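Peer 1: In the working numbering, the protein residues as written are 228 to 553.
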Amino acid sequence: MVIIVAKKEVFTMENLRIGIVGNIGVGKSTLVNAAIKPPLSDLLLSVFPVRDGTEKVHAFKEAFNPVVLDAFYKDPVAHAFTAQIEFFNGRLERQKKIAHAKGIVLEDRTLAEDYNIFGMAQKILGHMNVAEFEAYKKAYDMMTEKIAEPDLIVYLKADVPTLLSRIRERGRQSELSIPASYLETLNELYEQFISRQARCPVLVIDTSKGNGSIESQLKEIVQKTVDKIKQIDLRVTTPGLSSWVTLPETEATIKAIEAERKLEEYLSKRHKVISLAGNVGLGKSTLAAIMERSLKISGLYENPEENPMLEKFLADKKTYCYELQL
228 MVIIVAKKEV
238 FTMENLRIGI
248 VGNIGVGKST
258 LVNAAIKPPL
268 SDLLLSVFPV
278 RDGTEKVHAF
288 KEAFNPVVLD
298 AFYKDPVAHA
308 FTAQIEFFNG
318 RLERQKKIAH
328 AKGIVLEDRT
338 LAEDYNIFGM
348 AQKILGHMNV
358 AEFEAYKKAY
368 DMMTEKIAEP
378 DLIVYLKADV
388 PTLLSRIRER
398 GRQSELSIPA
408 SYLETLNELY
418 EQFISRQARC
428 PVLVIDTSKG
438 NGSIESQLKE
448 IVQKTVDKIK
458 QIDLRVTTPG
468 LSSWVTLPET
478 EATIKAIEAE
488 RKLEEYLSKR
498 HKVISLAGNV
508 GLGKSTLAAI
518 MERSLKISGL
528 YENPEENPML
538 EKFLADKKTY
548 CYELQL
């Protein structure tokens with residue numbers, strides 16, 4: 228027998244996505260590379276209320292063809308459209324891994340940056356003509372329609388002189404010819420994106436302050452990220468659900484029926500207690516009744532008519548709350 232009762236909800240945290248966004252050379256990769264290893268990874272994982280030892284900090288970086296990137300930096304006008312499609316495809320491929328990860332996922336650049344920052348920059352600079360940009364925008368809109376934003380965005384910002392200094396320091400040949408004007412354009416687009424387009428919580432960190440070294444700020448950035456997660460009380464979701472909600476209606480219905488049959492078979496062999504929790508009026512009793520019938524299980528309900536104390540509590544919560552808990 229399976230008894231359905233109401234009790235205090237316990238949240239199981241499995242997947243929390245943190246987008247690490249910011250201009251070229253600001254220090255995103257440096258932060259991500261440090262945060263996936265102790266001691267910073269342990270600090271990040273401290274936000275999990277319940278851990279079973281299988282959680283980890285994941286870093287699914289951008290994956291793209293370096294030949295395309297080099298060609299784009301050498302001739303951004305001729306290769307703008309090809310480069311944007313290549314970058315976008317790489318981020319879409321990475322999204323598959325993100326959807327099934329358990330733990331904290333650090334996204335070194337997000338899908339939203341593809342269009343709102345770099346795609347828009349190519350349009351502003353005239354590197355993509357109208358037809359190319361419209362084709363790119365249509366592909367972006369169609370492919371990202373049902374992909375959720377990260378749970379939190381950490382926006383690393385820096386002024387252009389700081390960016391140029393860090394670019395020279397790391398010495399990537401393909402980046403050394405990037406003009407300051409391009410970085411300035413990207414900075415303006417990032418500010419616009421953060422203030423107008425981002426729909427998830429955002430933590431803004433100015434990395435230009437201090438001695439200019441991103442390495443000296445890593446622990447502080449991670450600590451601020453942890454504090455932000457606790458402040459906004461993020462609830463981490465179960466990985467893999469995005470593949471369900473993006474299915475066509477007919478296919479989703481078939482999969483739901485199959486899942487229901489498997490759950491019914493599982494419960495018939497193993498006696499479990501399923502607890503339904505939630506505020507007054509959310510539909511717990513209705514859901515319990517549906518589950519009873521569809522899964523062929525028994526339910527136990529809180530019924531005010533059969534419990535005089537519950538009836539009194541619902542009429543006067545202040546007076547009877549203590550007695551009801553007893």
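Idealized CB from N, CA, C, for every residue including glycine.
Treat the numbers as computed from the prediction; the structure is a model and nothing was measured.
Tell me which same chain residues have a C-beta within less than 7 Å of the C-beta of L267, skipping the five on either side of it?
Peer 2: One-based indexing of the sequence shown puts residue 267 at position 40. Correct list, in chain order: A261, L445, K446, V449.
Peer 1: Given that a residue counts as buried once 16 or more other Cβ atoms are within 10 Å of its Cβ, and exposed if not, what is R423?
Peer 2: Here residue 423 is taken as the residue at index 196 of the sequence shown, counted from 1. It is exposed - the Cβ of R423 has fewer than 16 other Cβ atoms within 10 Å.
Peer 1: Count the C-beta pairs between the stretch 405-425 and the stretch 355-372 that are closer than 8 Å, then say yes if the count reaches three, no if not.
Peer 2: No contact exists between the stretch 405-425 and the stretch 355-372.
Peer 1: The beta strand (DSSP E) that contains Y382, what's its start and end?
Peer 2: Start at 1 with the first residue of the sequence shown, and residue 382 comes out as number 155. First-last of the beta strand (DSSP E) with Y382: 379-384.
Peer 1: From which residue to which residue does the alpha helix (DSSP H) around G317 run?
Peer 2: For the purposes of this step, residue 317 is taken as residue 90 along the sequence shown, with counting starting at 1. Residues 303-326.
Peer 1: Looking at the structure shown, is K235 part of a helix, part of a strand, or coil, going by DSSP?
Peer 2: Here residue 235 corresponds to residue number 8 of the sequence shown, with the count starting at 1. Confidence is the limiting factor: at K235 the pLDDT is only 36, short of 50, which leaves the residue's position unreliable and the question unanswerable from this model.
Peer 1: Unbroken alpha helix (DSSP H) runs of length 4 or more, entirely within the stretch 332-417: which are they?
Peer 2: Listed in chain order, they are 347-351, 357-371, 387-397.
Peer 1: Check whether the stretch 406-418 touches the stretch 334-346, counting contact only when three or more Cβ pairs, one atom from each stretch, lie closer than 8 Å.
Peer 2: Yes, since at least three Cβ pairs between the stretch 406-418 and the stretch 334-346 fall closer than 8 Å, the two stretches touch.
Peer 1: Going by C-alpha distance, which of K255, P303, R244, A290 is nearest K283?
Peer 2: By 1-based counting over the sequence shown, the position of residue 283 is 56. Checking every option, the nearest Cα to that of K283 belongs to R244.
Peer 1: Could you tell me the distance, in whole angstroms, from the CA atom of T281 to the CA atom of K544?
Peer 2: Taking the first residue of the sequence shown as 1, we reach residue 281 at position 54. Taking the first residue of the sequence shown as 1, we reach residue 544 at position 317. Cα to Cα, T281 sits roughly 42 Å from K544.
Peer 1: R244 lies in the alpha helix (DSSP H); which residues open and close that run?
Peer 2: As a first step, residue 244 is located in the sequence shown; it is residue number 17 there, counting from the start. Counting along the chain, R244 falls outside any alpha helix (DSSP H), though it belongs to the beta strand (DSSP E) covering 242-249.
Peer 1: Suppose the cutoff is 7 Å on Cβ atoms and the five residues either side in sequence are ignored; what does the same chain contact list for N292 look like?
Peer 2: Residue 292 sits at position 65 when you count from the first residue of the sequence shown. Answer for N292: E313, listed in chain order.
Peer 1: Within 10 angstroms of the Cβ of M369, are there 16 or more other Cβ atoms? Answer buried if so, exposed if not.
Peer 2: Residue numbering aside, residue 369 sits at position 142 when the sequence shown is read from its first letter. So M369 counts as exposed.
Peer 1: Can you give the Cα-Cα distance for D335 and N250, rounded to whole angstroms?
Peer 2: Walking along the sequence shown from the start, residue 335 turns up at place 108. Walking along the sequence shown from the start, residue 250 turns up at place 23. Whole-angstrom Cα-Cα distance: 11 Å.
Peer 1: Can you tell me the Cα-Cα spacing of L270 and K451, whole angstroms?
Peer 2: As a first step, residue 270 is located in the sequence shown; it is residue number 43 there, counting from the start. As a first step, residue 451 is located in the sequence shown; it is residue number 224 there, counting from the start. Their Cα atoms are separated by approximately 11 Å.
Peer 1: Contact check, A286 vs V259 under 8 Å by CB: the rounded distance?
Peer 2: Sequence index remark: in the sequence shown, residue 286 carries index 59 (1-based). Sequence index remark: in the sequence shown, residue 259 carries index 32 (1-based). With 8 Å as the limit, A286 and V259 qualify as a contact, their Cβ atoms being about 5 Å apart.
Peer 1: Can you tell me the Cα-Cα spacing of Y382 and F540, whole angstroms?
Peer 2: Against the sequence shown, residue 382 aligns to sequence position 155. Against the sequence shown, residue 540 aligns to sequence position 313. If you take the alpha carbons of Y382 and F540, they lie about 48 Å apart.
Peer 1: In chain order, which beta strand (DSSP E) runs of at least 3 residues are fully inside the stretch 420-459?
Peer 2: Complete beta strand (DSSP E) runs here, min 3: 429-433.
Peer 1: Name the residue from V357, T309, E376, R393 whose alpha carbon lies nearest to the alpha carbon of R426.
Peer 2: Locating residue 426 in the sequence shown gives position 199, where the first residue counts as 1. Selected option, being the one with the closest Cα: E376.
Peer 1: Looking at S521: is its Cβ nearer than 7 Å to the Cβ of E478?
Peer 2: Against the sequence shown, residue 521 aligns to sequence position 294. Against the sequence shown, residue 478 aligns to sequence position 251. Result no, Cβ atoms of S521 and E478 do not sit closer than 7 Å.
Peer 1: Give every residue of the same chain whose Cβ lies closer than 8 Å to the Cβ of S495, excluding the five residues on either side of it in the sequence, and list them in chain order.
Peer 2: Taking the sequence shown and counting its residues from 1, one reaches residue 495 at position 268. Here the set comprises K523.
Peer 1: State the DSSP-derived secondary structure class of V253, mapped to helix, strand or coil.
Peer 2: Position 26 of the sequence shown holds residue 253. The answer is coil: DSSP assigns V253 none of H, G, I, E or B.
Peer 1: Can you grab the Cα-Cα spacing for the pair R318 / P428, in whole Å?
Peer 2: Reading the sequence shown from its first residue, position 91 is the one you call residue 318. Reading the sequence shown from its first residue, position 201 is the one you call residue 428. Computed Cα separation, rounded: 21 Å.
Peer 1: Strictly by DSSP, which residues pair up with K283?
Peer 2: In the sequence shown, counting from the first residue as 1, residue 283 sits at position 56. Partner(s): G330.
Peer 1: Who are the Cβ neighbours of K455 in its own chain at under 6 Å, not counting the five residues just before and after it?
Peer 2: Mapped onto the sequence shown, residue 455 falls at position 228. Around K455: L430.
Peer 1: Using a Cβ-Cβ cut-off of 8 Å (strictly less than) and excluding sequence neighbours within five positions of L461, which residues of its own chain qualify?
Peer 2: Locating residue 461 in the sequence shown gives position 234, where the first residue counts as 1. Answer for L461: L243, V274, D378, L379, P428, listed in chain order.
Peer 1: Drop a sphere of 10 angstroms on the beta-carbon of L403, count the other beta-carbons inside from all chains shown, and report buried for 16 or more, exposed for fewer.
Peer 2: Here residue 403 is taken as the residue at index 176 of the sequence shown, counted from 1. Exposed: under 16 other Cβ atoms inside 10 Å.
Peer 1: Hey, how far is the Cα of H498 from the Cα of N506?
Peer 2: For this step, residue 498 is matched to residue 271 along the sequence shown. For this step, residue 506 is matched to residue 279 along the sequence shown. Approximately 27 Å, taken between the alpha carbons.
Peer 1: Using a 10 Å radius around the Cβ and a threshold of 16 neighbouring Cβ atoms, would you call S367 buried or exposed?
Peer 2: Taking the first residue of the sequence shown as position 1, residue 367 is located at position 140. The question names Ser, yet the displayed sequence has Tyr at residue 367. Buried, since its Cβ has 16 or more Cβ neighbours within 10 Å.
Peer 1: Is the separation between the beta-carbon of F308 and that of M355 shorter than 7 Å?
Peer 2: Indexing the sequence shown from 1 puts residue 308 at position 81. Indexing the sequence shown from 1 puts residue 355 at position 128. Going by C-beta atoms, F308 is nearer than 7 Å to M355.
Peer 1: Please identify the residue among E442, E476, R321, G246 whose C-alpha is closest to the C-alpha of R397.
Peer 2: As a working mapping, residue 397 is identified with position 170 in the sequence shown. The option with the nearest alpha carbon to R397 is E442.
Peer 1: Any idea if Q349 is buried or exposed, counting beta-carbon neighbours within 10 angstroms, 16 or more meaning buried?
Peer 2: As a first step, residue 349 is located in the sequence shown; it is residue number 122 there, counting from the start. Result: buried.
Peer 1: Determine the burial state of L333: buried for a count of at least 16 other Cβ atoms within 10 Å of its Cβ, exposed for fewer.
Peer 2: As a position in the sequence shown, residue 333 is number 106, starting the count at 1. Per the 10 Å Cβ criterion, buried.
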